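Novice:
Chains as they are written, first to last, in this note's numbering: chain E, 1 to 344; chain W, 345 to 688.
1. Should the stretch 353-372 of chain W be regarded as contacting the stretch 380-393 of chain W, the criterion being three or more beta carbon pairs within less than 8 Å?
2. Give a yes or no on whether 7 Å exceeds the smallest Cβ distance from residue 176(E) to chain W.
3. Could you tell me whether the Cβ atoms of residue 85(E) and residue 33(E) are closer together than 7 Å?
4. Per DSSP, what are the beta-bridge partners of residue 99(E) in this structure?
5. Kindly say whether residue 567(W), judged by its beta-carbon, lies nearer than 7 Å to any beta-carbon of chain E.
6. With a cut-off of 8 Å on the beta carbons, I'd call residue 13(E) and residue 304(E) a contact; round off their distance for me.
7. Helix, strand or coil for residue 287(E) per DSSP?
8. Mind pulling the chain W residues with CB within less than 8 Å of residue 78(E)?
9. Are residue 630(W) and residue 513(W) close, meaning C-beta to C-beta below 7 Å?
10. Residue 511(W) and residue 569(W) look like a contact to me (Cβ under 8 Å); what is the Cβ gap, rounded to whole Å?
11. By the DSSP assignment, the alpha helix (DSSP H) with residue 572(W) in it spans what residues?
12. Below 8 Å on C-beta distance, what does residue 261(E) contact in chain W?
13. Using the beta-carbon of each residue, which ones in chain E are nearer than 7 Å to residue 535(W)?
14. With distances taken Cα to Cα, identify the nearest neighbour of residue 662(W) among 538(W), 416(W), 522(W) and 632(W).
15. Apart from the five residues just before and just after residue 15(E), which ones in its own chain have a Cβ nearer than 7 Å to its Cβ?
16. Give the secondary structure of residue 213(E) by DSSP, where H, G and I count as helix, E and B as strand, and everything else as coil.
17. Which same chain residues, not among the five before or five after residue 109(E), have their C-beta less than 6 Å away from its C-beta?
18. Taking the DSSP output, what are the residues bridged to residue 484(W)?
19. Please classify residue 450(W): is it buried, with 16 or more other beta-carbons within 10 angstroms of its beta-carbon, or exposed?
20. Quick check: residue 472(W) and residue 498(W), are their CB atoms within less than 7 Å of each other?
21. Please report the Cβ distance between residue 504(W) and residue 432(W), rounded to the nearest whole angstrom; I am assuming they are in contact, meaning their Cβ atoms lie under 8 Å.
22. I'd like the span of the beta strand (DSSP E) that includes residue 650(W), first residue to last.
23. In this structure, what does DSSP give as the bridge partners for residue 471(W)?
24. Note down the Cα distance separating residue 603(W) from residue 171(E), rounded to an integer number of angstroms.
25. Give every residue of the same chain whose Cβ lies closer than 7 Å to the Cβ of residue 3(E), excluding the five residues on either side of it in the sequence, and list them in chain order.
26. Roughly how far, in whole angstroms, is the beta-carbon of residue 56(E) from the beta-carbon of residue 26(E), given that I think they are within contact range, below 8 Å?
27. Could you compute how far the alpha carbon of residue 420(W) sits from the alpha carbon of residue 478(W)?
28. How is residue 200(E) classed by DSSP in three states: helix, strand or coil?
29. With a 10 Å radius around its C-beta and 16 neighbouring C-beta atoms as the bar for buried, classify residue 559(W) as buried or exposed.
30. Since I believe residue 201(E) is in contact with residue 157(E) (beta carbons under 8 Å), could you give me their beta-carbon distance rounded to a whole number of angstroms?
31. Can you give the Cα-Cα distance for residue 270(E) and residue 606(W), rounded to whole angstroms?
32. Run the proximity test for residue 599(W): is its beta-carbon closer than 6 Å to any non-hydrogen atom belonging to the ligand MN?
33. Kindly indicate which three-state DSSP category residue 408(W) falls into: helix, strand or coil?
34. Assign residue 292(E) to one of two classes, buried (16 or more other C-beta atoms within 10 Å of its C-beta) or exposed (fewer than that).
35. Drop a sphere of 10 angstroms on the beta-carbon of residue 680(W), count the other beta-carbons inside from all chains shown, and report buried for 16 or more, exposed for fewer.
36. Going by DSSP, what residue range makes up the beta strand (DSSP E) through residue 380(W)?
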């Protein structure tokens, strides 16, 4: 039985969307059990009319909620009775619980996961890996999308290793083509960080490094995993999503501006709906945090029930694939770095 | 009379597009004269059938062309007879020539402009400022989009000052709302560079700093100028353009997939054409290089005649607005920074 804790509070549509998402996951995976963390009365009230396998669902009462505006370090210290922190404590104390899914404060989740759940041996810092759709119907992972903004080439090497394993285990990819986000495709492009990372990635065993990627090619389908610092990753993800969504909004406005266009659009209602769905990040699950001892998935604050279900599915597949164990083993297998001393 | 040198070689559609763009500019601005740099025979052959004011056009013979794959520092040293380097030398030697427009190698142009034309007094490093369309019909500048990847907060302060003047002079903006590209809108977001830059921009006189901007809001119309390091700026511009264009391509493919959609699209042919035009960077001129002694505009390699015309228009308006002089004066007027010593 795989046990996942679901933080039921802190999202825009919580607790309803989170509870319903958990029930969808219970129905989908017979060897899954969920622990719903949050205000017991509210959770019970919502569950009252639902049908589900009661043996595989339990409630962890937590009266408090961490708000998105709270300073993460304060929140995890002061809000011990919050739905997020009680779930995190459960992960820490109960080794049979595999992971957590939350739609609450990103900052608090990163800090709590890093400090309370802890990093896997060898991991410098856990990093976020969200998923984007590609134009040929596949997906591409981006690691890191914002957990670490000040980094060194070693981080990028770890992102490549952790992300490759993740794309294999959760998306069934055989050969994960890893690219380094850069300002041009040529080897010598970029700042000092990128130049050093290019060299390091080129000689990293166990990954398939295909070189630099320009940001305009993120959705092209030519890459499976893009590694970058958290600042650039955040810009990449948000400007890609933002531009695609703005373009669809503009189309909608432009269609409304002329009767002729409105007439034409009548034939294409389903298509426009599909396009919007295509770019809606909620359909691709959450950002997983790679490098922690237990699996951690951060769903978007605006997650609906399907989005929460997808997050739980990600956590479930990471655990089924023994991702944490494999990350640890892969990092341990890296050749020991030659230091200035060993060169001497 | 305002004199602009036009590098006629090095672009995908050069020299024809470059020459035709120059002729469009001559027709538009009666006090403009152009110097066409490049192979004289080829330029003359193209001009043979054209009508234009011959007194305002001259040719600077240059038999060589700098390729896009050449290393910039080598190219400017070895290709002294190239269309770009001869134009740059003219700018250096003839003080009546105000600027250069080129669709050739970006790297060579930056290096040549910085080393051969020179920085304005007080400028740390010249920076690129391309323009993007906003959803409410306006434009937004992004500085820097790739000239400098390793920077300090002082650079961002200079980008804000130079970019604000540019948006005023060339786009007629009265109040330029300057934002700092960051991973969140809150003041304390980002890495060390961004935190320090936020503080510095907040206390910079003469600019209207409105705080942090998330990349998804670039096209929103809420900002007039975004300042960022060249790495993030490059990611921002290219992923925004890339995602919008990919979205349109996807629409096109999806429309082709069903007869019903094709039928609807017949009503909307003009609209789809307009959308494509809206996101086509060639319609917004080139990336101007801010901070050099003379005006420098880099048009996209794929520029057609209208795109080259827009680049020349940018150079012309920068010179009419005395942008270089004003940048120098504004930087000189900055309060002298308190150093550790002056605090002591």
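Glycine included, every Cβ here is placed at the ideal spot set by N, Cα and C. Nothing here was measured: the structure is a model prediction, and the numbers come from that model.
Specialist: This is what the structure holds:
1. yes
2. no
3. no
4. 4(E) and 295(E)
5. Not one chain E Cβ lies under 7 Å of residue 567(W).
6. So it is a contact: roughly 6 Å between Cβ atoms.
7. DSSP places residue 287(E) in strand when its eight states are reduced to three.
8. By Cβ distance, chain W contributes nothing, its closest Cβ being about 18 Å from residue 78(E), past 8 Å.
9. no
10. 6 Å
11. For residue 572(W), there is no enclosing alpha helix (DSSP H), as DSSP gives it neither H nor E.
12. 611, 612 and 615
13. 149, 150 and 231
14. Distances from the alpha-carbon of residue 662(W) to those of 538(W), 416(W), 522(W) and 632(W) put 632(W) closest.
15. 8, 9, 38, 42, 43 and 46
16. strand
17. By the criterion of a C-beta distance shorter than 6 Å, residue 109(E) is surrounded in its chain by 102 and 298, once the five residues flanking it on both sides are discounted.
18. Paired residue(s): 476(W).
19. buried
20. no
21. Residue 504(W) to residue 432(W), Cβ: 28 Å. No contact.
22. Per DSSP, residue 650(W) belongs to no beta strand (DSSP E); it is in the alpha helix (DSSP H), 649-664.
23. 634(W)
24. 33 Å
25. 33, 35, 96, 97 and 98
26. With a beta-carbon spacing of about 6 Å, residue 56(E) and residue 26(E) fall inside the 8 Å limit used to define contacts.
27. 36 Å
28. Correct three-state label for residue 200(E): helix.
29. buried
30. 6 Å
31. 13 Å
32. Absent from the structure shown: the ligand MN. Ligands present: none.
33. strand
34. Buried.
35. exposed
36. Start and end: 376-382.
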